[in-house]
Structure formats: structure tokens, C-alpha cells
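Residue numbers (my numbering): 5 to 300.
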């Protein structure tokens, strides 16, 4: 029963990691960029939800409004960051874009710290009342965990539908496969890349609200560790693979909660990054990643 309890906790945490990892993997799949500012988009989404919930309360209407506002704000930030920071460097060496991504991350974190309405100090995140549901006497599932799992699953299915069954999704796949050929076929590459950043930022915003609801505290540095672990999940599943990002998120969440439950919470971060090292050593392309052949 304890194993099943930790499994449920791991699925709840892993679904959040999967949402964030999808943003990493979509951006990498199209522009071959590791957007290290993605975790800080999560932080912005959590703060947007914090201010909405503080104003209107943490009821069903307040939560719905918090999700909508945070998604809109994060999508706007995602498009702006791509347009101002990444697009001018698209033809530059990848190292330039990588350094820029780290710089954008630092700007968002430290910029939030100096804003008077955010500040450096942690704040308690408003959330609905926690109700624990007992199953078979020992197994306990909270309403927050149910919301996290169901909403994450819905967003993943929605993303799968957008990518595979919509015109914009087909354009995303075309740009990912061959950017120049897609451009010659009349696809606006810049619009598709901006749409990809917006879509990834929307998922990060949802992940930020869910993460803050599960661990009810917000601070300007809160996106750093979930962002890094979501990157590990994306690499684990196969960077550039959408199903791989989902699978990697769940595996990482379950591994982390099992470590906390059966070994020690002090080793949870070490286990997560050890998984990254092992994957890079044994299967650099990830579980569902494909080997790319480079012609000389």
C-alpha cells in the first residue's frame, strides 16, 4: 500500500514535470535550442495566478481565471523572448543562443526580485482547501493531486491533438523536419516558431499554477529546480520527442517520490541528476529519441 501511495504521489509530480518538459522538447525540436528560461516562465505563471487568487479567492471561478490570466501572460512573455532574444541569433552558433537563454533566465529571476510587488521573499500561495480522500483505509489521495493529474492529462491530450490534427500542428512538424523546405512551401517559419514558444509557455504557466497549488509557496527562484528537472525529463524521454517528454516526466516524478519515500528526501535531487548522467552515458538520444545521421 505504501508503494501504491508513493506511486500516486509520483504520478502527480511527474505530470507537472511532463508539462514543463513539453516546452523544452517542442522548442528544441524546431530551433534546436535549449530554452533555459523556460523554468522562469513557470515562475511568472505562478505569480500571475497568485495575484489573481489573492484578489478574487481560490474558488473554482478564481482558479479558472488564474489559469487563463497566467497562460495569457506567459504566452506573451514567451513570444516576446523569442522575438527579442532568440530570433536575432537564429543563424548564429548554438553556443550564443545557449548563453542568451541563461542570461534571459537570470534577468527574469533577478528582475522579479527587485520588483516592489513581487520582491525576494517567499509568499504563501492561495489554493483550494485540501481534502484527503481515503481509499481502502490506508491509501490517501488529495483533491489537489486529482486536479493536477486530470488537468495535466487533459492539456497533454490537447497538445497531442494540436500537433497531429490541426493545420498549425502540421506546420510545426514540417518546420521541425526541414525549416528551409517548409519556408519554400509557403509556411511562415517565424510565426510557427513564435506559436511554438507561446504553446510551450502556456503549458509552463499551467505547470506553474499546479506546482504552486501542490507546494503552496511562490518565490522568484521557484522555477529553477522544476525547470532543470523538466529538462532532465526531456532528455530522459528523448529531447525533441513529445511522447518522450511525457514519459520522461512521469519516470522522473515517480523516481523522485520513491527516493523520498524509501531512501531520504536529501537524495531526491541527486537521484534526478544521476538519471541524467546515466542516460547521457548509456543512451544519449533518450528512451524515445531517434539517432540522427549527419552527412559529411
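Built from N, CA and C at the ideal position, the CB exists for glycine as well. The structure displayed is predicted, hence computed values, not measured ones.
As computed with DSSP, residue 222 is found in a beta bridge with 127. Using a 10 angstroms sphere on the CB of residue 75, the tally of other CB atoms reaches 16 or more, which defines it as buried. In this model, residue 7 and residue 181 are separated by some 42 Å (Cα to Cα). As a beta-bridge residue in DSSP terms, residue 144 pairs with 138. Here the C-alpha atom of residue 169 lies approximately 40 Å from the C-alpha atom of residue 5.
Under the three-state reduction of DSSP, residue 95 is assigned to coil, being neither helix nor strand. Apart from the 5 residues on each side of it in sequence, residue 292 sits with its Cβ closer than 7 Å to the Cβ of 241, 242, 245, 247, 248 and 251 in its chain, given in chain order. The C-alpha of residue 100 is placed about 18 Å away from the C-alpha of residue 84. The segment 39-52 makes contact with the segment 229-239; the number of CB pairs closer than 8 Å reaches 3 or more. For residue 189, no alpha helix (DSSP H) encloses it, and the DSSP letter there is neither H nor E. CA-to-CA, the gap between residue 82 and residue 202 works out to about 5 Å.
In the structure shown, the three-state DSSP call for residue 39 is coil.
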